[in-house]
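Residues in the sequence shown are numbered from 84 upward in steps of one, following my numbering. Glycine residues also receive a C-beta, built at the ideal position from the N, C-alpha and C atoms. If you're wondering where the values come from, they're calculated on a predicted model, not measured in any experiment. Data first, discussion second: the structure below is written as structure tokens.
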Amino acid sequence: MDSTPASDDRFSLRQWSQDSAKQKAKGWLGRVLMRLFPARAALLQKSDFTHHGRRASLLNRLIGAGIAYQALRHRDFGRLGEYHRKFWGGEHAKAYHADAPERFEAVFLRYYTPLIDALEGVLEPAGIGATFCEIGSGAGLLVDYLARRFTSAERLIGIDLDPVTTAEARAAFPDSKLEFIAADALDYIGAHGRPNWVYLTQNGVLEYFDPDAIERFFRLVAAQKPAVVALIEPVGMNHDLDAQQDSCPYGQEFGFSHNYPYLLEKNGFRIVYRHEELVFGVRFLLILAKAA
Numbered sequence: 084m085d086s087t088p089a090s091d092d093r094f095s096l097r098q099w100s101q102d103s104a105k106q107k108a109k110g111w112l113g114r115v116l117m118r119l120f121p122a123r124a125a126l127l128q129k130s131d132f133t134h135h136g137r138r139a140s141l142l143n144r145l146i147g148a149g150i151a152y153q154a155l156r157h158r159d160f161g162r163l164g165e166y167h168r169k170f171w172g173g174e175h176a177k178a179y180h181a182d183a184p185e186r187f188e189a190v191f192l193r194y195y196t197p198l199i200d201a202l203e204g205v206l207e208p209a210g211i212g213a214t215f216c217e218i219g220s221g222a223g224l225l226v227d228y229l230a231r232r233f234t235s236a237e238r239l240i241g242i243d244l245d246p247v248t249t250a251e252a253r254a255a256f257p258d259s260k261l262e263f264i265a266a267d268a269l270d271y272i273g274a275h276g277r278p279n280w281v282y283l284t285q286n287g288v289l290e291y292f293d294p295d296a297i298e299r300f301f302r303l304v305a306a307q308k309p310a311v312v313a314l315i316e317p318v319g320m321n322h323d324l325d326a327q328q329d330s331c332p333y334g335q336e337f338g339f340s341h342n343y344p345y346l347l348e349k350n351g352f353r354i355v356y357r358h359e360e361l362v363f364g365v366r367f368l369l370i371l372a373k374a375a
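Rendered as structure tokens:
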């Protein structure tokens, strides 16, 4: 029996053959507008063609749909991944992180702490004074939370693409054990990652890694074993994790729904905790795994 949650069009996999007539019509109209307004289309391709559509004009939203569908039809996932990387390293990210305290209170502390409880159960019996490394640390609230909860931690590192938000986090949490670094996570882990590190994400970070990047991430971490990953990531509402191994764009932002259980096991991790939570209509996977 398929245990996949009922599909919600806003958060479902984006496959050209399965998208609704309305979605295809938006993509077709967007491609027409790309030809009529080439300068605007070129500008959007360099900045923001999918995120926070409510802040964009109707014309920009339609052109954005055309750009995204063009990448989808050609399976140009690297193009989508590069866009996401630029977006989260740019000025739009700061607007998102401005709401971080309210979001941390309403979402993380309400829904996600069972994963941290499970992580505590993995680390404490082993007496590991681990280094914690959050990818996509934003305002630094999770790093601060971990510092207060895991007092034996050797270091707590937050990595984020946005230099402005990173500097603000550094100023907000001046504890010498806390480090906030503006960098590409894969580059940083490749250069500085060490055994006995715990890698964390929350509320959706790896969803913006294209399929090649997510594979590289798990390979890098597995090569530094022993290592632990604690991930809180959304997946498509209609992504059957028991049957569909491939990553696929999903939702209105054209992020990526990755099959985390499959990718972890493929790269030598053992899953020790797995739970799904529906948070404000989005299907989240909470997963804890070890590479020993």
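C-beta contact flag for residue i and residue j at 8 Å
| i | j | result |
| --- | --- | --- |
| Asp243 | Ser220 | yes |
| Thr248 | Ala176 | yes |
| Thr284 | Glu316 | yes |
| Tyr271 | His167 | no |
| Ala181 | Phe215 | no |
| Asn143 | Leu119 | no |
| Leu239 | Ala230 | yes |
| Ala151 | Phe337 | yes |
| Gly164 | Asp293 | yes |
| Ile297 | Leu289 | yes |
Of the listed residues the options, nearest to residue i (C-alpha basis)
| i | options | result |
| --- | --- | --- |
| Asp329 | His341, Val318, Met320 | His341 |
| Arg277 | Ala250, Leu229, Leu163, Ala213 | Ala213 |
| Ile354 | Leu314, Gly223, Arg93, Ser259 | Leu314 |
| Ser259 | Asp227, Leu346, Glu359, Glu290 | Asp227 |
| Leu192 | Asp295, Asn286, Glu237, Asp293 | Asn286 |
| Asp325 | Tyr282, Leu346, Arg123 | Leu346 |
| Ala265 | Ala274, Arg158, Gly241, Asn279 | Gly241 |
| Ala154 | Tyr179, Tyr333, Lys308, Trp171 | Tyr333 |
| Val365 | Lys349, Gln335, Asn350, Leu303 | Gln335 |
| Glu174 | Asp245, Ala255, His275, Gly204 | Asp245 |
| Gly140 | Val288, Arg123, Leu206 | The question names Gly, but residue 140 is Ser in the sequence shown. Checked all of Val288, Arg123, Leu206; the closest Cα to Ser140 is Arg123. |
| Glu207 | Arg186, Gly273, Asp295, Val281 | Val281 |
| Leu198 | Lys129, Arg232, Arg156, Cys331 | Arg232 |
| Gln307 | Asp295, Gly172, Asn279 | Asn279 |
| Val362 | Lys129, Arg156, Phe187, His157 | Phe187 |
Close Cβ partners of residue i (< 7 Å) along its chain, the five nearest in sequence each way excluded
| i | result |
| --- | --- |
| Ala148 | Lys109, Gly110, Gly113 |
| Leu368 | Glu316, Val318, Tyr343, Glu359 |
| Gly223 | Gly241, Ala252, Ala255, Phe256, Phe263 |
For residue j and residue i, the rounded distance between their alpha carbons
| i | j | result |
| --- | --- | --- |
| Pro344 | Val318 | 12 Å |
| His135 | Arg162 | Because His135 carries a pLDDT of 49, less than 50, the predicted location of this residue cannot be relied on, and no value is offered for it. |
| Tyr195 | Val115 | 43 Å |
| Gly204 | Pro309 | 16 Å |
| Leu145 | Lys107 | 11 Å |
| Gly172 | Ala178 | 12 Å |
| Thr234 | Pro184 | 22 Å |
| Asp159 | Lys105 | 22 Å |
| Ala125 | Lys169 | 15 Å |
| His275 | Met117 | 42 Å |
| Lys129 | Gln327 | 32 Å |
| His157 | Pro121 | 20 Å |
| Asp295 | Gly273 | 15 Å |
Sequence-distant residues of the same chain with beta carbon closer than 8 Å to residue i, five excluded per side
| i | result |
| --- | --- |
| Phe352 | Phe301, Ala305, Val312, Ala372, Lys373, Ala374 |
| Arg299 | Leu269 |
| Arg93 | Gly334, Gln335, Gly364 |
| Lys349 | Phe301 |
Residues of its chain near residue i, where Cβ-Cβ distance is below 6 Å and the 5 sequence neighbours each way are ignored
| i | result |
| --- | --- |
| Leu225 | Glu217, Gln285 |
| Ile370 | Leu314, Tyr343, Arg357 |
| Cys331 | Leu96, Ser340 |
One or two residues paired with residue i in a DSSP bridge
| i | result |
| --- | --- |
| His358 | Leu369 |
| Trp280 | Thr214, Ala310 |
| Pro332 | Phe339 |
| Asp243 | Ala265 |
| Ala250 | Ala250 is not bridged to any residue. |
| Ile315 | Leu369 |
| Arg238 | Thr214 |
| Leu96 | Tyr333 |
| Ala255 | Beta-bridge pairing links Ala255 to no other residue. |
| Ala374 | Ala310 |
| Arg353 | Lys373 |
Any chain C beta carbon closer than 8 Å to residue i
| i | result |
| --- | --- |
| Gly241 | The displayed structure is made up of one protein chain only, and chain C is not part of it. |
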